[in-house]
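Accompanying notes for the structure given below.
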Amino acid sequence: MELDPADSVVRPGADDLERAAEAALRPRHLDEFVGQKVVREQLSLVLQAAIGRGRAPDHVLLSGPPGLGKTTLAMIIAAELGTSLRVTSGPAIQHAGDLAAILSSLEENEVLFIDEIHRLARPAEELLYVAMEDFRVDVVVGKGAGASAIPLALPPFTVVGATTRAGLLPAPLRDRFGFTGHLDFYADDELERVLLRSAGLLGVPLAHEAAAEIASRSRGTPRIANRLLRRVRDWAQVRGDGTLSLEAARAALEVYEVDRRGLDRLDRSVLTALCTRFGGGPVGLTTLAVAVGEEPETVETVAEPFLVREGLIGRTPRGRVATAEAWTHLGLSAPTAADTLFG
Ligand SMILES: Nc1ncnc2c1ncn2[C@@H]1O[C@H](COP(=O)(O)OP(=O)(O)OP(=O)(O)O)[C@@H](O)[C@H]1O
Ligand SMILES: [Mg+2]
């Protein structure tokens, strides 16, 4: 069977269909938002202070890997402020004029959510600096030598920017955010709470042990947890009695080839090749990719980040190496000379 890495149930990204399914599970208020204690407390202060002053709060930047709740928090911010949310994204804005049109139609105290803000084109970015700082947009009328810029004052509003790559944001843009919240991977007990809450909303009975089992395979990511929950629900409905028991969770996740640490087939085949065909490495990325029949880019961007994060693979100047944990995870024993290989 062909391995389509993008199709795996444990990838952090989501397509439009999935985003639609997710909408129902989004927490609407800050106190329903599980985990991220630090960001939650900081944000809550920013929002309460702004509400107290009757003013739009500072611009907020949310950064962190996919599926950790950036969009959810943006919606929560608007809801907490009792204002509406306007949504756009870096890639959706082709020309500075597109952004000017959005900005000039904003109402007082509205929240403008710009997803993937690191992908804004330079001219739009420059327009945004001015809008964020001076609440003004320069509308260009006419063309060529006869063109002139007419300054248009904007009502106070709040930009909430989201990015998976905070490092790619130019400093002048970053500096215009009064508050930056960095979202981090969730602990298993937090994901358990996400799952129990979601199960409640979906109206399915989820056993605590099943929630714990799903959580431990969800890679610290609520999106993945919710997705696995839906797959377990399918299994329970079709092959079980509808209850999401520990057995149902295990059986369903076996069907989807998600192992007890959240590795999928591609992850395991990379790890297995590294250990069994290359004695644990070091081996170059290209060689490793050929061994699993994938493009080097797929191995590097799809499988490797999680394997490295989990401490199963190390990256060295001479190539990829399997850690002791990798051998243990695969149920293999490391070769006796392995210590020298790791050096
Ligand atoms: N703290 C949380 N509590 C409960 N559910 C959460 C939490 N964070 C995220 N979720 C759920 O996970 C799903 C994905 O969250 P969201 O869309 O906000 O992620 P994101 O960071 O915007 O991802 P992307 O970078 O792909 O846009 C949503 O269904 C949301 O309900
Ligand atoms: Mg998002």
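If you read the sequence shown in the working numbering, its first letter stands for residue 1, the second for the next number, and so on. Cβ coordinates follow ideal geometry from the N, Cα and C atoms, glycine included.
Rounded to whole angstroms, what is the Cα-Cα separation between residue i and residue j?
{"i": "residue 210", "j": "residue 224", "result": "15 angstroms"}
{"i": "residue 294", "j": "residue 259", "result": "20 angstroms"}
{"i": "residue 54", "j": "residue 42", "result": "18 angstroms"}
{"i": "residue 111", "j": "residue 85", "result": "5 angstroms"}
{"i": "residue 243", "j": "residue 204", "result": "7 angstroms"}
{"i": "residue 206", "j": "residue 245", "result": "6 angstroms"}
{"i": "residue 226", "j": "residue 198", "result": "7 angstroms"}
{"i": "residue 277", "j": "residue 13", "result": "31 angstroms"}
{"i": "residue 320", "j": "residue 38", "result": "35 angstroms"}
{"i": "residue 183", "j": "residue 167", "result": "14 angstroms"}
{"i": "residue 181", "j": "residue 220", "result": "18 angstroms"}
{"i": "residue 222", "j": "residue 332", "result": "31 angstroms"}
{"i": "residue 281", "j": "residue 330", "result": "15 angstroms"}
{"i": "residue 45", "j": "residue 105", "result": "28 angstroms"}
{"i": "residue 82", "j": "residue 179", "result": "19 angstroms"}
{"i": "residue 317", "j": "residue 296", "result": "16 angstroms"}
{"i": "residue 56", "j": "residue 109", "result": "5 angstroms"}
Below 8 angstroms between beta carbons: does that hold for residue i and residue j?
{"i": "residue 123", "j": "residue 96", "result": "yes"}
{"i": "residue 60", "j": "residue 157", "result": "no"}
{"i": "residue 195", "j": "residue 229", "result": "yes"}
{"i": "residue 274", "j": "residue 288", "result": "yes"}
{"i": "residue 47", "j": "residue 77", "result": "yes"}
{"i": "residue 129", "j": "residue 35", "result": "no"}
{"i": "residue 266", "j": "residue 322", "result": "no"}
{"i": "residue 201", "j": "residue 24", "result": "yes"}
{"i": "residue 121", "j": "residue 103", "result": "no"}
Using C-beta distances below 7 angstroms, list every residue in its chain close to residue i, excluding the 5 sequence neighbours before and after it, in chain order.
{"i": "residue 107", "result": "155"}
{"i": "residue 249", "result": "210, 213, 214 and 232"}
{"i": "residue 325", "result": "311 and 312"}
{"i": "residue 89", "result": "114, 115 and 116"}
{"i": "residue 165", "result": "118"}
{"i": "residue 255", "result": "235"}
{"i": "residue 134", "result": "none"}
Enumerate in chain order the residues of its own chain whose CB-to-CB distance from residue i is below 8 angstroms, with the five nearest sequence positions on each side excluded.
{"i": "residue 343", "result": "Bear in mind that the predicted position of residue 343 carries a pLDDT of just 49, short of 50, making it unreliable; the figure below should be weighed with that in mind. Answer for residue 343: no residue qualifies."}
{"i": "residue 7", "result": "none"}
{"i": "residue 125", "result": "170 and 173"}
{"i": "residue 33", "result": "27, 40, 69, 72, 73 and 76"}
{"i": "residue 9", "result": "224, 227, 228, 231, 256, 258 and 264"}
What residues in its chain sit with their C-beta under 6 angstroms from that of residue i, if we drop five residues either side in the sequence?
{"i": "residue 2", "result": "The predicted model places residue 2 with a pLDDT of 48, which falls under 50 and marks its position as unreliable; any figure quoted below should be read in that light. So the list is empty, once near-sequence residues are dropped."}
{"i": "residue 138", "result": "149 and 151"}
{"i": "residue 188", "result": "215 and 216"}
Assuming residue i and residue j are in contact, meaning their beta carbons sit under 8 angstroms apart, how far apart are those beta carbons, in whole angstroms?
{"i": "residue 136", "j": "residue 153", "result": "6 angstroms"}
{"i": "residue 117", "j": "residue 49", "result": "At roughly 24 angstroms, the Cβ-Cβ gap does not stay under 8 angstroms, so residue 117 and residue 49 are not in contact."}
{"i": "residue 191", "j": "residue 218", "result": "5 angstroms"}
{"i": "residue 29", "j": "residue 79", "result": "6 angstroms"}
{"i": "residue 269", "j": "residue 290", "result": "Contact doesn't hold; Cβ gap of about 12 angstroms is too wide."}
Quiz item: Does the region 96-105 touch the region 142-149, meaning 3 or more C-beta pairs lie closer than 8 angstroms?
Solution: no
Exercise. For the region 253-271 and the region 297-316, state whether three or more C-beta atom pairs, one from each stretch, are separated by less than 8 angstroms.
Key: yes
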